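Numbering (the UniProt record's numbering), first residue to last: 1 to 177. Cβ atoms here follow ideal geometry from the backbone N, Cα and C, with glycine treated the same way. Every value quoted in this text rests on a predicted model; they were computed, and no experiment measured them. What follows is a single structure, written as structure tokens, with notes after it.
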């Protein structure tokens with residue numbers, strides 16, 4: 001079933017909910033072909049050699065695309081949004097517990113500070129390494145070959161071949177080719 005057809009299907013959320021439950025019970029770092037098959041049924045666009053390890057959750061009706069040769073460690077969380085795609089390039093390595101959050105809010109009035117909702121895409125360039133427990137927020141593009149240190153919160157674009165770290169993440173140094 002094509003991802004675009006699945007996204008329009010009213011049982012879409014049920015399929016992703018089932019997927020989240022089932023993926024948690026599969027042994028980590030095993031059964032990659034079964035995981036890819038299940039992810040495709042839930043509307044995820046991924047290459048034939050993607051390694052999606054144990055656990056992990058995908059919430060929402062948005063588009064998630066994962067490029068060839070990418071490795072996703074256990075417990076990664078994708079909060080997808082119908083207005084903002086999440087794209088992970090080729091040959092990327094994503095550490096355990098990384099969160100991709102395209103949605104947010106504008107700052108509202110004192111009556112309720114979480115104002116109008118927003119959603120912006122996330123784009124991870126080819127060859128990136130995202131360290132454990134990092135958070136990638138909407139509207140961010142991480143350039144090819146960049147490294148995100150563990151525990152970082154990425155709130156703005158990262159140029160190609162950079163090492164960033166911290167909360168919020170800032171450039172620590174340029175990496176060679």
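Annotated as distal: residue 135 and residue 107, with beta-carbon spacing of 9 Å or more. In the DSSP assignment, residue 34 falls outside any beta strand (DSSP E) and within the unbroken alpha helix (DSSP H) covering 32-41. Under the three-pair Cβ rule at 8 Å, the segment 131-151 counts as touching the segment 162-176. Contact annotation: the segment 121-130 touches the segment 82-95, with at least three C-beta pairs closer than 8 Å.
Under the DSSP definition of a beta bridge, residue 123 partners with 87, 141. DSSP places residue 56 outside any beta strand (DSSP E), giving it a letter other than H or E. Between the alpha carbons of residue 167 and residue 37 lies a gap of roughly 36 Å. Residue 45 is a Cβ neighbour of residue 65, given a cutoff of 9 Å. Under DSSP, residue 114 shares a beta bridge with 107. In the DSSP assignment, residue 165 falls within the beta strand (DSSP E) that extends over 162-165. Less than 9 Å separates the beta-carbon of residue 138 from that of residue 122. As the crow flies, the alpha-carbon of residue 155 is around 17 Å from that of residue 117. The C-beta distance from residue 34 to residue 52 rounds to 10 Å, too long to meet the 8 Å contact threshold.
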